[in-house]
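S.K.: Here you go, one structure.
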Amino acid sequence: MFARPATPDDAEAIARIYNQGIEERTATFETRPRMAEEIKGWFGGAYPVVVVEEDGEVISFAATSSYRPRECYAGIAEFSVYTSREARGRGAGRLAMEALIREAEKAGFWKLLSRVFTENTASRYLLASLGFREVGVYEKHARLDGTWKDVVIVERLIPANL
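Using the working numbering, the letters of the sequence shown correspond one by one to residues 1 to 162.
See below:
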């Protein structure tokens, strides 16, 4: 198992993994499946995307995106991490996040942040083990399939860029 920067050629595998997360309703408010062509739009900009490969197959990914459009927030990136059902619990998510943190540092970001469903204990544990701190909880942040969901805000500073 190894991590590497993602390329547009990985878009189909990333969409497959992301769509599993959307389908399961445990990690995102998104409900519409994504197509590879949409994922290809993630590439070519300032925001790193990484994948984890095993035996020639992409099994996990982590991606950054814009936090806010204001110039003062240019060094902050939102992130997400997803692992295929078949590969969960074997360290692929950790490997993806470690690689994403390195790539975010290279790209000049000083902070990574995200929102995690409060009941997503596996993600919360992973992120805490990588130095993310839980800042607080947004109560009833949005509805998913008609049910209000709370999210924990997590952040990690990247000291080299402070």
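For every residue, glycine included, the Cβ atom is placed at its ideal position computed from N, Cα and C.
What is the residue span of the beta strand (DSSP E) that Gly103 lies within?
M.R.: Translated into the one-based positions of the sequence shown, residue 103 becomes position 103. Note that residue 103 is Glu in the sequence shown here, rather than Gly. First-last for Glu103: 92–106, but that is the alpha helix (DSSP H), not the beta strand (DSSP E).
S.K.: Go to Leu126, then tell me how far its beta strand (DSSP E) extends in each direction, as first and last residue.
M.R.: Taking the sequence shown and counting its residues from 1, one reaches residue 126 at position 126. Careful: Leu126 lies outside any beta strand (DSSP E), inside the alpha helix (DSSP H) at 121–129.
S.K.: Between the Cα of Ala89 and those of Leu126, Asn161, Ala142, spot the shortest distance and give me the residue it belongs to.
M.R.: For the purposes of this step, residue 89 is identified with residue 89 of the sequence shown, where counting begins at 1. Position check: residue 89 holds Gly in this sequence, whereas Ala was assumed. Answer by Cα proximity: Leu126.
S.K.: Between Ala27, Ala160, Phe43, Glu12, which has its C-alpha nearest Glu57's C-alpha?
M.R.: Counted from its first residue, the sequence shown places residue 57 at position 57. With distances taken between Cα atoms, Glu57 lies closest to Glu12.
S.K.: Cα separation between Glu103 and Pro48?
M.R.: Taking the sequence shown and counting its residues from 1, one reaches residue 103 at position 103. Taking the sequence shown and counting its residues from 1, one reaches residue 48 at position 48. Computed Cα separation, rounded: 6 Å.
S.K.: Kindly indicate the opening and closing residues of the beta strand (DSSP E) around Tyr138.
M.R.: On the sequence shown, position 138 is the one that residue 138 refers to. Element bounds for Tyr138: 133–144.
S.K.: Could you tell me the distance, in whole angstroms, from the CA atom of Ala99 to the CA atom of Trp148?
M.R.: On the sequence shown, position 99 is the one that residue 99 refers to. On the sequence shown, position 148 is the one that residue 148 refers to. Rounded to the nearest angstrom, the two C-alpha atoms are 33 Å apart.
S.K.: Which word fits Arg133, buried or exposed, when buried means at least 16 other C-beta atoms lie within 10 angstroms of its C-beta?
M.R.: Here residue 133 corresponds to residue number 133 of the sequence shown, with the count starting at 1. Looking at its Cβ environment, which holds fewer than 16 other Cβ atoms inside 10 Å, Arg133 is exposed.
S.K.: Pull up the CB-CB distance for Pro5 and Val52, whole angstroms please, since I reckon it's below 8 Å.
M.R.: On the sequence shown, residue 5 is found 5 positions in, with the first residue counted as 1. On the sequence shown, residue 52 is found 52 positions in, with the first residue counted as 1. Not confirmed; about 11 Å, so no contact.
S.K.: Tell me whether Leu112 is buried or exposed, calling it buried when 16 or more other Cβ atoms sit within 10 Å of its Cβ.
M.R.: What you label residue 112 is simply residue 112 of the sequence shown in a count that begins at 1. By the 10 Å Cβ count, Leu112 comes out buried.
S.K.: Between the C-alpha atoms of Leu162 and Ala87, what's the straight-line distance to the nearest angstrom?
M.R.: Translated into positions along the sequence shown, residue 162 becomes position 162. Translated into positions along the sequence shown, residue 87 becomes position 87. So the two alpha carbons sit approximately 35 Å from each other.
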